[in-house]
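Worksheet for the structure shown next.
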Amino acid sequence: MKNRSDKNIVIVGAGLVGSLLGVMLGQRGYSIRLFERRKDGRKVAEDSGRSINLALCSRGIHALKSAGLYNKVKPLLIPMRGRMLHTADGGQRFSPYGQRDHEVNYSVPRDGLNRLLVNEALLADAVDVVFEQKCTSVDFANRKAVFESADGSSNSHAFDLVIGADGAGSRVRRELVEATGGQSKSTFLEHDYKELEIPASKNGDWEIEKEALHIWPRGRFMLIALPNPGGSFTVTLFLPKTGEPSFATLTNREKLVEFFEAHFASAMKLMPDLLEDFFEHPTGRLGTIRCSPFHYSDCGLIVGDAAHAIVPFHGQGMNSGFEDCSELVRLLDENNEDWAKTLEDFSRIRKPNAEAIADMAIENHEMMQQGVIDPKYHLKKEVGFELERRYPELFIPRYSRVMFHTIPYAKAKQLGVIQRKILDDLTQDIDSIEQMDYSLAAKLLRERLVPVSG
Ligand SMILES: Cc1cc2nc3c(=O)[nH]c(=O)nc-3n(C[C@H](O)[C@H](O)[C@H](O)COP(=O)(O)OP(=O)(O)OC[C@H]3O[C@@H](n4cnc5c(N)ncnc54)[C@H](O)[C@@H]3O)c2cc1C
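Convert by adding 814 to the 1-based position in the sequence shown; the result is the number in my numbering.
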């Protein structure tokens, strides 16, 4: 390993992305100081305020593997092989994510993963993690960042490069956009979310299918549940802020019970603490941040949610942030450690991909709420899998390209638009897969996909 310790890198935020990036740059011999606003999560259990577990997929796994950490993360993972749809009449229908054994997503506890990554960062000689240091300003021209300690005192730190991994409310982003004359726009969904729980059974087992992401889709609102080690599920209610029904109308115990009995009776009977959880847990907002550029000259960069926070309906926020880390390191190799060129390339390459996954995550929200109860949803999915079996070099369902492959998000989105039209055309006049016309399918795939594949 080369010694690059003369380059003084400050990372703001030791969340999922900042701590992984600290590990990866430390492994390359850079000297890293990682400043985190919170207390040390390895010593003090501090509620991160959101999503207790997350779906990890190929892009995140690829980054963890390239940092040599995947085998350490594995014991935390529970495979989810598909979606279990819970219909309003209490029925269940399993819908696999992919058709190959490895096409699964993994549920991973946020805190466990974050603790592991911070530990790994601390193990690296070149990385120093400092807790309870909140970044309050960044001066790019003079290469200094100011942090506020828990006792209210301020300290200024010089840097050669500052990387903002400080999440959706990023201070570094605000300063970078101002310094570059760039742009940043936050848009919020009309839906908020609330985290609830299905506890483990008395025997410590999972009360519903363990290896699935459960969804109770109900049109304008839905409930989802991801498995945790130890037998529980983290349940998330996505519901409009206002209107009927909404967070604004579920104001007392009677209204909440009535709402759950009407729409989520099968889940409610597994949630003994529903009332306490609902009224005690915070309600979270769901937003998309679109900003540009992601860098400032050779001395500033933003990554992860700081650069491109997205809504969680494709399970890609952390995964795309981890991909930022592996892409940054790839570009450093490609540019022979020339940071100015690497940062410029990073902005140029990652921005369209961030836009694409932001759009696909919003579309997936519609699909999860409405599409899964579209009568042709399962037929189109079946036909999509069959086309993938017959023409694997041409047709890969968009969901699979996003979750189980690492092709750029923008390409997955572009191909997905064409594929959706092909599936619409092929299923327009049929009700079952037996009626499929495969010669027409082959013709459409060749005509529409070959010119843009590659
Ligand atoms: C309900 C929900 C479900 C989700 N599910 C998934 C999923 O299934 N799969 C997936 O891939 N993604 C998911 N996500 C998205 C995922 O949580 C984020 O994309 C991910 O946490 C981003 O990591 P990050 O390190 O960029 O930001 P964060 O996790 O927000 O970490 C930022 C860190 O910076 C620190 N910080 C903030 N400001 C400062 C400051 N001024 N100074 C110093 N430190 C600071 C914070 O304390 C924090 O530790 C979900 C999100 C939500 C809300």
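Ideal placement from N, C-alpha and C gives every residue a C-beta, glycine not left out. Since we're looking at a predicted model, the values are computed, not measured.
Element boundaries [beta strand (DSSP E), containing residue i]
i: residue 1232; result: It is not in any beta strand (DSSP E) - residue 1232 instead sits in the alpha helix (DSSP H) that spans 1223-1241.
i: residue 820; result: 818-826
i: residue 1097; result: 1097-1106
i: residue 1007; result: 997-1012
i: residue 922; result: 919-923
i: residue 1208; result: Unbroken run through residue 1208: none, as it is neither H nor E.
i: residue 909; result: 906-910
i: residue 1124; result: Taken as a continuous stretch (DSSP letters only), residue 1124 belongs to no beta strand (DSSP E), as it is neither H nor E.
i: residue 993; result: Run containing residue 993: none in the beta strand (DSSP E); it sits in the alpha helix (DSSP H), 985-994.
i: residue 1028; result: 1027-1031
i: residue 895; result: That residue, residue 895, is in no beta strand (DSSP E); it is neither H nor E in DSSP.
i: residue 1286; result: This structure gives no information on residue 1286, because the portion of the chain shown stretches from 815 to 1268.
Exposed unless 16 or more other CB atoms sit within 10 angstroms - verdict on residue i
i: residue 1065; result: exposed
i: residue 1147; result: exposed
i: residue 1008; result: buried
i: residue 1206; result: exposed
i: residue 872; result: buried
i: residue 1257; result: exposed
i: residue 1050; result: buried
i: residue 1241; result: buried
i: residue 1116; result: buried
i: residue 1252; result: exposed
i: residue 1246; result: exposed
i: residue 916; result: exposed
i: residue 964; result: exposed
i: residue 967; result: exposed
i: residue 1019; result: exposed
i: residue 977; result: buried
i: residue 1143; result: buried
i: residue 1183; result: buried
i: residue 853; result: exposed
i: residue 1180; result: exposed
i: residue 937; result: exposed
Anticipated Cβ contact below 8 angstroms, residue i with residue j, distance rounded
i: residue 833; j: residue 931; result: 4 angstroms
i: residue 856; j: residue 929; result: 5 angstroms
i: residue 819; j: residue 940; result: 6 angstroms
i: residue 840; j: residue 935; result: 7 angstroms
i: residue 1088; j: residue 1082; result: 6 angstroms
i: residue 1097; j: residue 1061; result: 6 angstroms
i: residue 1002; j: residue 1099; result: 6 angstroms
i: residue 1078; j: residue 1037; result: 5 angstroms
i: residue 1255; j: residue 1201; result: 6 angstroms
i: residue 1021; j: residue 1084; result: 5 angstroms
i: residue 1109; j: residue 1141; result: Rounded, the Cβ-Cβ distance is 13 angstroms, inconsistent with contact.
i: residue 822; j: residue 972; result: 7 angstroms
Residue i versus residue j: straight-line alpha-carbon distance, rounded
i: residue 845; j: residue 1125; result: 33 angstroms
i: residue 1203; j: residue 1170; result: 26 angstroms
i: residue 1214; j: residue 1076; result: 34 angstroms
i: residue 999; j: residue 1119; result: 13 angstroms
i: residue 1231; j: residue 1128; result: 16 angstroms
i: residue 1229; j: residue 912; result: 17 angstroms
i: residue 1209; j: residue 908; result: 23 angstroms
i: residue 992; j: residue 1154; result: 19 angstroms
i: residue 1189; j: residue 1233; result: 19 angstroms
i: residue 891; j: residue 924; result: 11 angstroms
i: residue 830; j: residue 1032; result: 32 angstroms
i: residue 1053; j: residue 1163; result: 34 angstroms
i: residue 969; j: residue 952; result: 12 angstroms
i: residue 1225; j: residue 1239; result: 22 angstroms
i: residue 1260; j: residue 980; result: 45 angstroms
i: residue 877; j: residue 1223; result: 16 angstroms
i: residue 1235; j: residue 836; result: 43 angstroms
i: residue 869; j: residue 954; result: 35 angstroms
i: residue 1267; j: residue 1227; result: 12 angstroms
i: residue 997; j: residue 956; result: 22 angstroms
i: residue 1178; j: residue 899; result: 15 angstroms
i: residue 901; j: residue 1039; result: 14 angstroms
i: residue 988; j: residue 994; result: 10 angstroms
i: residue 1094; j: residue 1135; result: 30 angstroms
i: residue 920; j: residue 933; result: 21 angstroms
Where the alpha helix (DSSP H) through residue i begins and ends
i: residue 1073; result: 1067-1077
i: residue 971; result: Counting along the chain, residue 971 falls outside any alpha helix (DSSP H), though it belongs to the beta strand (DSSP E) covering 968-972.
i: residue 1139; result: 1131-1148
i: residue 830; result: 830-841
i: residue 1263; result: 1252-1263
i: residue 878; result: 872-880
i: residue 1179; result: 1153-1183
i: residue 887; result: 884-887
Residue i beta carbon near ligand 3 (any heavy atom closer than 7 angstroms)
i: residue 854; result: For the structure depicted, ligand 3 is absent and the ligand set comprises only ligand 1.
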